């Protein structure tokens, strides 16, 4: 007679946690940190088709590391949650805290009930009208929620980057200084080897800018990002106007004063 196979609940949970942590550790890191006028997100991500950082609602953004298909499912679910709540009640009723609670329930249920946990770690951030009203929530694979003050780092080198941010980050930093700090820490080798120089083409960068009405999420790229990352360039912040070309509504213009000049109105 075959004896039944038994594994204690404690061992099952430990094995699932180890499995999820190993999957997350293989992912490239993401940093979210406050700056003078909002919250910046910096991820090492050479592809322009698959985003690690995305907009959820008016003043709420989402960032993640781990398996793309799993955190993309969470992102889509978050957008649907926000749209339904904003439509049913009021746009101001959609908050990062409510979204974080919804994600925590989903992640916790998957971790305890499914055979395989989600190999993801996510951040939900909301920019307020002042720095002390900004909210950053970090959620792990098992549904645990942590409120982070000022900054958070996730992914394979998350602990090392967090240590660097604790030593060097300060509230009210200009955007260019915040980005430079995040990029420098992302380029460091966790094993102590030579640091890498990450350029704009290897990065995905976005901001939640509190100065913008309603939709505060904007992506940064191209010459503007090059200028912000160049320490010899005087550019320290983003322009007040957006790119006007169709399809690029999330990307900021590099020169809003000349944008649209010498262009066919029908273009």
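In the working numbering, the protein residues as written are 1487 to 1753. Just so it is clear, CB atoms sit at the ideal spot from N, CA and C, and this is done for glycine as well. These figures come from a predicted structure and were not determined experimentally.
Exposed or buried, which one is residue i when buried takes at least 16 other CB atoms within 10 Å?
i, result
"residue 1705", "buried"
"residue 1659", "buried"
"residue 1535", "exposed"
"residue 1664", "buried"
"residue 1626", "buried"
"residue 1491", "exposed"
Please check the pair residue i and residue j, which I expect to be a contact at CB under 8 Å, by giving their CB distance rounded to whole angstroms.
i, j, result
"residue 1692", "residue 1703", "6 Å"
"residue 1549", "residue 1539", "5 Å"
"residue 1666", "residue 1715", "7 Å"
"residue 1770", "residue 1613", "Only positions 1487 to 1753 of the chain appear in this structure, which leaves residue 1770 out of reach."
"residue 1647", "residue 1515", "6 Å"
Give the DSSP bridge partners of residue i, in chain order.
i, result
"residue 1622", "1611 and 1634"
"residue 1695", "1524"
"residue 1552", "1606"
"residue 1640", "1516"
"residue 1529", "1516 and 1690"
Any heavy atom of the ligand SAM closer than 7 Å to the CB of residue i?
i, result
"residue 1649", "The ligand SAM is not part of the structure shown, which contains no ligands of any sort."
Which full runs of the beta strand (DSSP E) of 3+ residues lie inside the segment 1535-1597, going along the chain?
1539-1543 and 1546-1552
What residue ranges within the segment 1655-1720 form continuous alpha helix (DSSP H) runs of no fewer than 4 residues, ordered along the chain?
1661-1672 and 1708-1715
Examine the Cβ distances between the segment 1567-1576 and the segment 1592-1600 and report whether three or more of them are shorter than 8 Å.
No, the segment 1567-1576 is not in contact with the segment 1592-1600.
Decide if the segment 1629-1645 is in contact with the segment 1492-1505; the criterion is three or more beta carbon pairs, one per stretch, under 8 Å apart.
At 8 Å Cβ cutoff, the stretches do not touch.
Kindly confirm or deny that the segment 1541-1557 and the segment 1599-1610 touch, where touching means at least three C-beta pairs closer than 8 Å.
Contact annotation: the segment 1541-1557 touches the segment 1599-1610, with at least three C-beta pairs closer than 8 Å.
Looking at C-beta atoms only, is the number of pairs between the segment 1511-1522 and the segment 1651-1666 that lie closer than 8 Å three or more?
yes
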